[in-house]
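The structure appears below as structure tokens.
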Amino acid sequence: MGILDWLFGGNDEATGSTVPPAVIEQRIEQIVRIINPRLKLVPGYRRKLVPAVEQAVLYCREIEAQIPPAIEASATVWAENPTLRALFATARDIPEVFSRSRAVQEFFEATPGAGQVWATLRFHCHEATGFGVAAEGGAIKHEVVRTCVSFTDKKAVLPSGCEHDARLEIRRRAFKFLLAEVLQQITSVDMQRQDLKAQRSMLQARLMILKGQRVGLEEMLEEGAGGRQKIEDVERKLSENERALATFPGTGETLEELIGRVREVLTHGPDYIRIDRTKLRLDQMNVLMPEGSGEAAAEIVLPKVVVRSAPVVSLLACRFPRSELIRSKRLLHQAGQLLG
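Heads up: the sequence shown begins at 1 in this note's numbering, then just goes up one per residue.
Take a look at the structure:
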């Protein structure tokens, strides 16, 4: 178990609009350990963090609740499940994807009595528009604009022994993501400060050179108008730089400001991570069919995770049977045969 797994252990098993005090205390301790242990030096730091932590915990519950119940992901049910048929070209692709997950392999090795594993299938959804053939009113039409949907980069992650534990892990991961956003913002501020300092040093050096050149030109040629304009431009940029630097504390954010940043992120969870749902009506070739088209199609709904400054990832909660697991050695053998 890694340090972050230890820090983000513990369960928030409650439902509803209240958060047990023990959960709030645990999350505050995690914030202090991850963001800055010196936050404890701020008078009343717990009191200042409680409202934001409670709001974030409730929002993480909302995220988890928006993930539909797990479906059986196995070759035996592929033919009768439209979602599996859309995601996997053939039935045998399902055990291959889940078996390629090291986490799934390790789960079954560590729990020999488990008959199945609950895991999240993560993948990307792509739409490509082109021309194809379509049947309309009994006639075949050519050069019809069609949109084909594909699902790539499929990977099974976050294995658990039961769906209950899997959903608690989603809550923990969501809260962990929000704290990671805080750390990213802190790092970004530090980098901006360093960039401004480096820019100030270059402008100061440039100003010294220009002033030296101006003196020399005035003495020899008595022509300093152009030099004065350059100096004024650099002085203006230097003034702008100084004003920008003034917005940053000289030695990093104060502890009070760090608490403010934590509260800002935790109380605006939807700005950083949210769950949307994509509704797709697909035919057997994964061509997108419009509503009321009359052509045979199946409708599927897929949750997708939308985070700031990152590609959208779709998710599907699954349970995968041990009976279909392909052992690692066999996977390596199959890979060797393909390469050979």
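C-beta atoms are modelled at their ideal positions from N, C-alpha and C, and glycine is treated no differently.
Since the structure is predicted, the reported quantities are computational estimates derived from the model, not experimental observations.
- DSSP places E257 in the helix class (H, G or I) of the three-state scheme.
- A distance of 7 Å or more separates the beta carbons of A297 and M285.
- In this structure, DSSP gives V77 a helical state, which the three-state scheme calls helix.
- Of the candidates L280, G292 and V265, the residue whose Cα lies closest to the Cα of R308 is V265.
- In this chain, the beta strand (DSSP E) harbouring D276 covers I273 to L282.
- 7 Å or more divides the Cβ of P303 from the Cβ of I71.
- Between P95 and A75, the beta carbon gap of about 6 Å places them in contact (Cβ cut-off 8 Å).
- Between R122 and L282, the CB-CB gap reaches or exceeds 7 Å.
- The Cβ atoms of A174 and C60 sit closer than 7 Å to each other.
- Using a Cβ distance threshold of 7 Å, T120 and I300 do not count as a contacting pair.
- A89 is classed as exposed because its beta carbon has fewer than 16 other beta carbons within 10 Å across all chains shown.
- Uninterrupted alpha helix (DSSP H) stretches at least 4 residues long and entirely within the region 16-104 occur at 21-35, 45-65, 82-87 and 93-99, given in chain order.
- When D233, G44, C162 and C148 are compared, the shortest CA-CA separation from A114 is found for C162.
- Per DSSP, P311 lies in no beta strand (DSSP E) segment and is marked neither H nor E.
- Here V57 is buried, its C-beta having at least 16 other C-beta atoms within 10 Å.
- Excluding its 5 nearest sequence neighbours in each direction, R277 has C-beta neighbours in its own chain below 6 Å: V301 and P303, listed in chain order.
- C318 places its beta carbon 7 Å or farther from that of A91.
- Bridge pairing for H126: S150 [DSSP].
- In this structure, V42 sits near L255, with a CB-CB distance shorter than 7 Å.
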